[in-house]
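Peer 1: Attaching a single structure in structure tokens format; questions to follow.
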Amino acid sequence: MSGHGDAQPMTARKSGPLKGTAAVPGDKSISHRALIFGAMAVGETKITGLLEGQDVLDTAKAMRAFGAEVTQHGPGAWSVHGVGVGGFREPADVIDCGNSGTGVRLIMGTMATTAMTATFTGDASLRKRPMGRVTDPLALFGARAYGRQGGRLPMTIVGAANPVPVRYALPVASAQVKSAVLLAGLNAPGETVVIEREPTRDHSERMLVGFGAELNVERGPEGHVITLKGRPELRPQTVAVPRDPSSAAFPVCAALIVEGSDILVPGVSQNLTRNGLYLTLVEMGAEIEFLDPREEGGEPVADLRVRFSGSMKGIEVPPERAPSMIDEYPILSVVAAFAEGPTVMRGVKELRVKESDRIDAMARGLEACGVRIEEDEDTLIVHGMGAGGMPGGATAKTHLDHRIAMSFLVAGMAAQKPVSVDDASPIVTSFPIFEALMSGLGATLERG
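Start counting the sequence shown at 10; every next residue gets the next number (the numbering used here).
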């Protein structure tokens, strides 16, 4: 599948029991950061388990354009010879970040405090996404941004020649914005401070410490206060990327709703800023065992044993949990359709500015499959129909969004009638082995 070519329709039919081991790819968030931090270190960083989806490959290409030497040695095995903090060179061409909001926003932050100019673009989906939430705080450092109306790509960033440190309170819970500000702060003098009211995924903070930056996190009356000392010499590292909990969500949720299923998903990150979906599923009555909890590459991981759970109940998901599961609401809404009673998801307006308006995309697709939905700007309520209760028989519009595509294909594995998606090609951006992995477990997926 390719995220940049012609539309590739795909259909999922009701499957027999899913069985076997689902070895999902490496974590996408950590893969992006490993490449970027490796490029800002002095010396060779070695990476294993790197996700080789298109989003991450686009970030690797961007790091080369900024002067780092990035080499693939085998499946998931890469090295990055970095140029040091502030050592990026001006790229000779436009930086195309494809579908990746994480990639473009983190890279903008990385170059915003170096005296250079870079122009960024992406695919049709990324060009619709707002960049002001990143360029506004970068302007405080002294960077300037020139983009399309509404702060959208293509966009040119002129880095600050004489950056100043920044104290910035995040107006929205966003790990991308937090990380962009911290990355910009690396090449600013003094201390850059980021304040977040609610904790978001902390991969950047963990990795900054691992690479040798001076960083402190305190809990204060304003929330989490993250203080970073600028202009360190980052040390190259060996990074073992854990398996992606957002990718693992798809085989896990499929096993929960396909009758008779019993699968093992090994080595999945259990970072507390990423495990909201799994807490929610257990509260709904999902049969998930967390086996052999351990630490790999500085991240907590566990093996997940997942069985069909035909008696799950709808719940009200605590809105404060949203930052730890923001990417998983689409697949949760599918599970909710196979639970008994309503599942209420509040505090999810951030979903409206992802790769697509995910609230609208899931609501329209689920309604087409026979599920009753309520929604407002910040809420999605799915009225569950119980195990095997979803009629299906519809084609969902993916809006170039990989998570929408995979969510509806999982729905089709348990619905009464097949469920199709109009374009499965975006799946390659984050989970290039999705089709092969799910088919290997016993799912029935058909192209065209």
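All C-beta atoms, glycine included, are put in the ideal place defined by N, C-alpha and C.
So the candidates are L375, T407, K55; which of them puts its Cα closest to the Cα of M394?
Peer 2: Among L375, T407, K55, the Cα nearest to that of M394 belongs to L375.
Peer 1: Alpha carbon to alpha carbon, what distance is there between V380 and A396?
Peer 2: Answer to the nearest angstrom: the Cα atoms are 13 angstroms apart.
Peer 1: On the DSSP bridge assignment, give the partners of L454 in chain order.
Peer 2: Note: L454 sits in a beta bridge opposite A21.
Peer 1: Decide yes or no for the touch test of the stretch 397-415 against the stretch 38-50: beta carbon pairs closer than 8 angstroms, at least 3 of them.
Peer 2: With a cut-off of 8 angstroms, the stretch 38-50 and the stretch 397-415 do not count as touching, because too few Cβ pairs lie within range.
Peer 1: Take every Cβ of the stretch 279-293, pair it with every Cβ of the stretch 232-248, and state whether three or more of those distances are shorter than 8 angstroms.
Peer 2: Counting Cβ pairs under 8 angstroms, fewer than three are found: no touch.
Peer 1: Going by DSSP, which residues form a beta bridge with S88?
Peer 2: Per DSSP, K55, T80.
Peer 1: Helix or strand or just coil, what does DSSP make of K406?
Peer 2: Looking at K406 - three-state DSSP - the assignment turns out to be coil, as it is neither helix nor strand.
Peer 1: Can you tell me whether DSSP reads E429 as helix, strand or coil?
Peer 2: Correcting the residue type first, residue 429 is Ser in the shown sequence and not Glu. Strand at S429.
Peer 1: Taking the alpha-carbon of R497 as reference, which of I382, N196, G276 has the nearest alpha-carbon?
Peer 2: Within the shown structure, residues of the chain are numbered from 10 to 457, placing residue 497 beyond reach of any answer.
Peer 1: Just confirm the distance between the C-beta atoms of G85 and G58, as a whole number of angstroms; I'd bet it's less than 8 angstroms.
Peer 2: Contact flag correct, Cβ pair sits at about 5 angstroms.
Peer 1: Quick check on T438: buried or exposed, where buried means 16 or more other Cβ atoms within 10 Å of its Cβ?
Peer 2: So T438 counts as buried.
Peer 1: Going by C-alpha to C-alpha distance, which of L115, G95, H90, T126 sits closest to A101?
Peer 2: With distances taken between Cα atoms, A101 lies closest to T126.
Peer 1: Alpha carbon to alpha carbon, what distance is there between S256 and K406?
Peer 2: If I take the Cα positions, the gap works out to 20 angstroms.
Peer 1: How far does the beta strand (DSSP E) with V315 in it extend, from its first residue to its last?
Peer 2: From DSSP, the beta strand (DSSP E) with V315 extends over 308-316.
Peer 1: Compare the C-alpha of A370 against each of V343, A50, M19 and name the closest.
Peer 2: Looking at the Cα atoms, V343 is the closest of the given residues.
Peer 1: Buried or exposed for H212, please, with buried defined as at least 16 other CB atoms from any protein chain shown within 10 angstroms of its CB.
Peer 2: The residue in question, H212, is buried, as its Cβ has 16 or more Cβ neighbours within 10 Å.
Peer 1: Quick one, which of A258, G107, G93 has its alpha-carbon nearest T123's?
Peer 2: Ranking A258, G107, G93 by Cα distance to T123 puts G93 first.
Peer 1: For L341, count neighbouring Cβ atoms within 10 angstroms of its own Cβ and tell me buried if that reaches 16, exposed if not.
Peer 2: The residue in question, L341, is buried, as its Cβ has 16 or more Cβ neighbours within 10 Å.
Peer 1: So, with DSSP's three-state summary, where would you put S11?
Peer 2: Only weak support exists for where S11 lies, its pLDDT of 40 falling under 50; the value from the coordinates is given anyway. S11: coil per DSSP, three-state reduction.
Peer 1: Whose C-beta lies closer than 8 angstroms to the C-beta of E444 among residues of the same chain, with five residues either side of it excluded?
Peer 2: The residues are M10, M19, A433, I436, L454.
Peer 1: Give me, in chain order, the residues of the same chain whose beta-carbon lies closer than 6 angstroms to that of M447; leave out the 5 immediate sequence neighbours on both sides.
Peer 2: Closer than 6 angstroms at the Cβ level, and outside the excluded window around M447, lies no residue.
Peer 1: Leaving out five residues before and five after E349 in sequence, what residues of the same chain have Cβ atoms less than 8 angstroms from its Cβ?
Peer 2: Excluding sequence neighbours, E349 sits near S320, M321, K322, G323, G393, G395.
Peer 1: Give the DSSP-derived three-state secondary structure of G374 in the structure shown.
Peer 2: Note: G374 maps to helix in three-state DSSP.
Peer 1: Nearest-angstrom Cα distance between P479 and L135?
Peer 2: With the chain running from 10 to 457 in the structure shown, residue 479 is simply not present.
Peer 1: Starting from the Cα of F347, find the closest Cα among I116, C378, A69 and give me that residue.
Peer 2: Out of I116, C378, A69, C378 has the C-alpha closest to the C-alpha of F347.
Peer 1: When the Cα of R161 is compared with those of E205, S270, A184, R114, which residue comes out closest?
Peer 2: Closest option to R161, Cα to Cα, is R114.
Peer 1: If contact is defined by three or more beta carbon pairs under 8 angstroms, each pair taking one atom from either stretch, is the stretch 204-222 in contact with the stretch 69-76?
Peer 2: Verdict: no, contact absent.
Peer 1: With a floor of 3 residues, list each beta strand (DSSP E) that falls wholly inside the stretch 106-152, ordered by position along the chain.
Peer 2: You should have 126-130.
Peer 1: Per DSSP, what are the beta-bridge partners of K28 in this structure?
Peer 2: Paired residues: D271.
Peer 1: With F299 as the anchor, note down where its alpha helix (DSSP H) starts and where it stops.
Peer 2: Taken as a continuous stretch (DSSP letters only), F299 belongs to no alpha helix (DSSP H), being part of the beta strand (DSSP E) at 296-305.
Peer 1: Hey, T388 and S333: beta-carbon distance below 9 angstroms or not?
Peer 2: In this structure, S333 does not lie closer than 9 angstroms to T388 by Cβ.
Peer 1: Taking buried to mean at least 16 other C-beta atoms within 10 Å of its own C-beta, is E227 buried or exposed?
Peer 2: Exposed, by the Cβ-count rule.
Peer 1: Look at the Cβ atom of E200, then the Cβ atom of P174, and state whether they are nearer than 9 angstroms.
Peer 2: Cβ atoms of E200 and P174: closer than 9 angstroms.
Peer 1: Please look up how many angstroms separate the CB atoms of F317 and L360, rounded, as I've assumed it's under 8 angstroms.
Peer 2: About 28 angstroms separates the two Cβ atoms, so there is no contact after all.
Peer 1: Taking the Cβ atom as the reference point for each residue, do V79 and A50 lie within a distance shorter than 9 angstroms?
Peer 2: Contact: no.
Peer 1: On the criterion of 16 or more Cβ atoms from any shown chain inside 10 Å, does G12 qualify as buried, or is it exposed?
Peer 2: Per-residue confidence for G12 stands at a pLDDT of 44, beneath the threshold of 50, marking its modelled position as unreliable; no derived number is given.
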